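In our numbering, the protein residues as written are 569 to 691.
Below, the structure is given as structure tokens:
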């Protein structure tokens, strides 16, 4: 849907607010945002409320009782997508010097994924 490549000194929380601020008005049907524990805190909540008032944030946390690996609801979708994108050699490592070039290769990899999904034969 949307991506931003920013400097490494920007925390995920701050980058998340920046990303959501650029989405303002583009996806008015977006009502719920699933996030992990890195987005907990009043700073992210306040920034998100300022950018997109209608979006409700649901933090997907790991259970304290869980031992070892546990599939978390909704979070596996993001992890699966990141794994698909990391199959692209150019995205597997941080080779790019320019943010715009990294974003361009992320877009190309996403287009490749979408085309593969659309062109698969239905069995």
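Virtual Cβ for every residue (Gly too), placed ideally from N, Cα, C.
Predicted model, so just to flag it, every value in this text is computed and none were measured.
Inset, instruction - Give the DSSP bridge partners of residue 601, in chain order. - result: The residue given as residue 601 occupies position 33 in the chain shown. DSSP output for residue 601 lists 625 as bridge partner(s).
Inset, instruction - Check residue 609 in the structure and name its three-state DSSP category. - result: Counted from its first residue, the chain shown places residue 609 at position 41. Coil, per DSSP.
Inset, instruction - In angstroms with no decimal places, state the Cα-to-Cα distance between residue 606 and residue 580. - result: Reading the chain shown from its first residue, position 38 is the one you call residue 606. Reading the chain shown from its first residue, position 12 is the one you call residue 580. Going from the Cα of residue 606 to the Cα of residue 580 covers about 7 Å.
Legend entry - Residues near residue 670 in its chain [Cβ-Cβ closer than 6 Å; skip 5 each side]: Taking the chain shown and counting its residues from 1, one reaches residue 670 at position 102. Excluding positions up to five away in sequence, the list reads 573 and 664.
Legend entry - Stretch-stretch touch, CB-based, cutoff 8 Å, three pairs: the region 615-622 with the region 641-649: no
Legend entry - Sequence-distant residues of the same chain with beta carbon closer than 8 Å to residue 594, five excluded per side: On the chain shown, position 26 is the one that residue 594 refers to. These residues qualify, in order along the chain: 570.
Legend entry - Rounded C-alpha distance that separates residue 681 from residue 613: Indexing the chain shown from 1 puts residue 681 at position 113. Indexing the chain shown from 1 puts residue 613 at position 45. Taking the straight line from one Cα to the other gives about 32 Å.
Legend entry - Selection from 677, 603 and 662 that minimises the alpha carbon distance to residue 575: For this step, residue 575 is matched to residue 7 along the chain shown. It is 662 whose Cα lies nearest to the Cα of residue 575.
Legend entry - Three-state secondary structure (DSSP) of residue 588: Along the chain shown, read from residue 1 onward, the residue named residue 588 stands at position 20. Taken through DSSP and simplified to helix, strand or coil, residue 588 comes out as helix.
Inset, instruction - Verify whether the separation of the beta carbon atoms of residue 578 and residue 586 is less than 9 Å. - result: Locating residue 578 in the chain shown gives position 10, where the first residue counts as 1. Locating residue 586 in the chain shown gives position 18, where the first residue counts as 1. Taking 9 Å as the Cβ cut-off, residue 578 and residue 586 qualify as a contacting pair.
Inset, instruction - Pull up the distance between the alpha-carbon of residue 588 and that of residue 639, whole angstroms please. - result: By 1-based counting over the chain shown, the position of residue 588 is 20. By 1-based counting over the chain shown, the position of residue 639 is 71. One C-alpha to the other measures close to 26 Å.
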